[in-house]
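The structure under discussion appears below in the form of structure tokens.
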């Protein structure tokens with residue numbers, strides 16, 4: 002490469018050899034090529050990671066707002082039992098809600114009895130119906146290959162429930178604590194609740210993953226289910242105190258709506274082939290589904306595997322039962 006120099010006013014042209022070498026130019030091209038390949042690899046890895054993300058955002062949008070709104074709903078029921086059902090004055094109820102109950106022992110006990118009696122029937126409502134549905138849903142989902150339905154229905158039930166709770170808060174004096182408990186518990190229970198959601202999510206992940214990465218993907222779901230509770234509890238108290246009932250319930254409603262839209266648009270309808278494609282009964286529930294579900298746990302297996310499964314179920318009841326009962 003040469004450098005051409007023109008001197009003004011003279012016709013003499015000096016040409017000097019440029020010290021730039023071809024090796025320097027080629028080095029720049031190599032670096033540009035490496036940078037381009039690195040950017041392409043980052044984009045490729047990002048797109049590959051995006052394609053592997055399926056039900057994880059949905060699980061966050063279901064579990065986190067459930068825990069987030071849980072504490073606010075408890076406070077709402079406590080306040081409604083005091084102001085609406087027991088008809089105490091606002092000053093008394095404010096002192097009870099804030100823990101200043103030195104001279105209000107009887108009123109506090111009455112409020113606690115009211116909430117305890119409500120919990121005695123509302124909690125079984127929230128758990129018994131999903132438990133009964135789970136006996137049919139699992140086998141039906143395996144038979145039809147449809148996992149998406151029982152991811153859509155539970156979050157739709159939660160969405161209806163949180164909208165009802167917002168309306169209950171708006172019409173505070175007109176809606177009592179028992180009605181609020183029904184609004185909170187019945188729609189999710191009829192839709193399958195967390196039982197159906199968890200079953201559908203784990204089944205979906207099992208269908209779409211290979212054996213080599215299945216444990217890792219199921220571990221991520223389990224981690225989300227586990228970590229969402231302490232995170233939601235930590236945020237719930239702060240948000241309830243700062244933004245009130247409307248702030249917490251609106252955030253929860255946004256999460257549910259986001260999860261509902263995401264699951265409709267993002268996930269495929271079916272992830273496996275239907276077992277009985279020519280049978281019209283395959284799209285409806287059947288007693289065979291109940292039998293198939295029971296057989297999973299109690300069918301004969303090699304060695305002591307059936308006994309191990311039964312002992313695991315009893316251990317789960319002994320561990321979780323006292324916690325939920327308390």
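In my numbering, the protein residues as written are 2 to 327.
Backbone N, C-alpha and C fix where the C-beta goes; we use that ideal spot for every residue, glycine too.
Burial state of residue 311 is exposed, judged by a 10 Å Cβ sphere holding fewer than 16 other Cβ atoms. Counted as a single uninterrupted DSSP element, the stretch harbouring residue 56 is not any alpha helix (DSSP H), since DSSP gives it neither H nor E.
Under DSSP, residue 86 forms no beta bridge with any residue. With contacts defined by Cβ atoms closer than 9 Å, residue 112 and residue 97 form a contacting pair.
Residue 226 and residue 183 have their C-alpha atoms spaced approximately 25 Å apart. For residue 195, the closest C-alpha among the options 252, 131, 185, 88 is that of 131. Distances from the alpha-carbon of residue 247 to those of 105, 169, 65 put 169 closest.
Each of 94, 118, 119 was checked against the Cα of residue 107, and the nearest Cα belongs to 94. If the five residues before and after residue 73 are omitted, its C-beta is found closer than 6 Å to the C-beta atoms of 241, 246, 249, all from its own chain and listed in chain order. Of the other Cβ atoms in all chains shown, 16 or more fall within 10 Å of the Cβ of residue 218; this residue is therefore buried. Contact check between the region 250-260 and the region 191-205: fewer than three CB pairs, one atom from each, fall below 8 Å, which does not count as touching. Taking C-beta separations shorter than 7 Å and ignoring five residues to either side along the sequence, the partners of residue 80 in its chain run 94, 98, following chain order. In the same chain as residue 85, and ignoring 5 residues on each side of it, the C-beta atoms closer than 8 Å to its own belong to 173, 174, 176, 177, 178, in chain order. With a 10 Å radius around the Cβ and a threshold of 16 neighbouring Cβ atoms, residue 269 comes out exposed. The DSSP-derived three-state label of residue 179 is helix.
According to the DSSP secondary-structure assignment, residue 96 is paired through a beta bridge with no residue. With 16 or more other CB atoms across the displayed protein chains lying within 10 angstroms of its CB, residue 159 is buried. By the Cβ neighbour-count rule, residue 239 is exposed, with fewer than 16 other Cβ atoms within 10 Å of its own. In this structure the region 228-239 touches the region 54-66; the number of beta carbon pairs closer than 8 Å is three or more. In terms of Cβ geometry, residue 153 and residue 222 do not form a close pair [threshold 9 Å].
Residue 77 counts as buried, since no fewer than 16 other beta carbons sit within 10 angstroms of its beta carbon. A residue is called buried once 16 or more other Cβ atoms fall within 10 Å of its Cβ, and residue 181 is buried on that count.
The beta carbons of residue 55 and residue 267 sit closer together than 9 Å. For a cut-off of 8 Å, the C-beta gap from residue 251 to residue 139 is around 34 Å, too long to register as a contact.
Apart from sequence neighbours up to five positions away, no residue of its chain approaches residue 317 with a beta-carbon distance below 7 Å. The beta carbon of residue 302 lies closer than 7 Å to none in the same chain, with the five residues before and after it left out. Across the set 292, 71, 185, 135, the C-alpha of 185 shows the shortest separation from the C-alpha of residue 157.
Note that the C-beta distance between residue 71 and residue 237 is below 9 Å.
Residue state for residue 301 is assigned as coil, using DSSP reduced to three classes.
According to the DSSP assignment, residue 201 belongs to the alpha helix (DSSP H) that extends over 194-209. Beta-carbon to beta-carbon, residue 144 and residue 201 are separated by about 14 Å, too far to satisfy the 8 Å threshold. The region 203-268 contains, as complete alpha helix (DSSP H) runs of 4+ residues, the segments 212-267 (chain order). By alpha-carbon distance to residue 141, the top candidate from 289, 322, 306 is 289.
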